[in-house]
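One structure is given here, and the rest of the page talks about it.
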Amino acid sequence: MDRSHLIDQLARHAEVFRTLFTGLSAEEIRWKPAPEKWCALEIICHLHDEEREDFHARLRSTLETPGLPWPKIDPPAWVAERKYMEQDFAHVLMEFLAERGRSMDWLRGLKDAPWANAYIHPTVGPVSCELLLTNWVAHDLHHFRQINNLRYYYLKANASVPLDYAGSW
35 MDRSHLIDQL
45 ARHAEVFRTL
55 FTGLSAEEIR
65 WKPAPEKWCA
75 LEIICHLHDE
85 EREDFHARLR
95 STLETPGLPW
105 PKIDPPAWVA
115 ERKYMEQDFA
125 HVLMEFLAER
135 GRSMDWLRGL
145 KDAPWANAYI
155 HPTVGPVSCE
165 LLLTNWVAHD
175 LHHFRQINNL
185 RYYYLKANAS
195 VPLDYAGSW
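Residue numbers for the sequence shown follow this note's numbering, so the first one is 35 and each next one is one higher.
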C-alpha cells in the first residue's frame, strides 16, 4: 500500500478520535459495558501509550537500528501500573493528539528512509516497516470499532426506549 496514503490516514484518524471522544459526560467517560471491558478513559490512555511506546518507537527503531531489541511494552499491565482510571480524560486526549501530531511530523519528514528494514522478532519472525505502518492504521481502526461499540452500549443501557428502529447492531 502507498506509504503516504497510510500516513495521511493516521493524520485524519486524529480528528476522528477527537470527534469520537468530544462531548462525553463524566459518567460516559468511565462507563464499562462489563467489568473486563475498557471504558473511554482507558482507551484514550492506551492510545496515548501505544502512540509513543509501540508504533512510533518500534517503527523508528526498525528504521534506524533494526538489529537492536525493540523497546518492551505491556499494554494490559499498563492499565493498573499507570493508573489509567485516575487520569484526567481531557488532558490525556490532548496529549494523545499532540503525540499523534509529533508522529505525523516525524513520518512526513522521513526522506530516503530504509523502509525495507525489518526487525527479527524472537517469536513472530521478521516484522517489516511496512507491516508496522500498516498495522498502526489498523490499530486505529480497531479502536474506532471499540469506541463505537462502547458508545452504542452506553446509549442502550441508558435509553428509555428500544434501539431496534435504528437497525441491528
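Every residue, glycine too, gets a C-beta built ideally from N, C-alpha and C. These numbers were taken from a predicted model, which means no experiment stands behind them.
| Check | Outcome |
| --- | --- |
| In chain order, what are the residue ranges of uninterrupted alpha helix (DSSP H) at least 4 long that sit wholly in the segment 100-127? | 109-115 |
| Among the residues of its own chain, which have a CB less than 8 angstroms from the CB of P109, if the five just before and after it don't count? | H80, D83, E84, D88 |
| Nearest-angstrom Cα distance between F178 and S95? | 27 angstroms |
| Leaving out the 5 sequence neighbours to the left and right, which residues in its chain are closer than 7 angstroms to L58 when beta-carbon positions are compared? | A74 |
| In chain order, what residues of the same chain have a beta carbon less than 8 angstroms from the beta carbon of R64, not counting five sequence neighbours either side? | C73, A74, L75, M119 |
| Does DSSP put G143 in a helix, in a strand, or in coil? | helix |
| Check A152 in the structure and name its three-state DSSP category. | strand |
| What did DSSP end up calling G57 once you bin it into helix, strand or coil? | coil |
| When DSSP labels each residue in this structure, what does G135 get in the three-state scheme? | helix |
| Round the Cβ separation of L131 and A48 to the nearest angstrom and send it over; I've been treating them as touching at under 8 angstroms. | 6 angstroms |
| Report all residues from its chain with a CB closer than 8 angstroms to the CB of I280; omit the five preceding and five following residues, and keep chain order. | Outside the modelled stretch of the chain, which goes from 35 to 203, sits residue 280, for which no answer is possible. |
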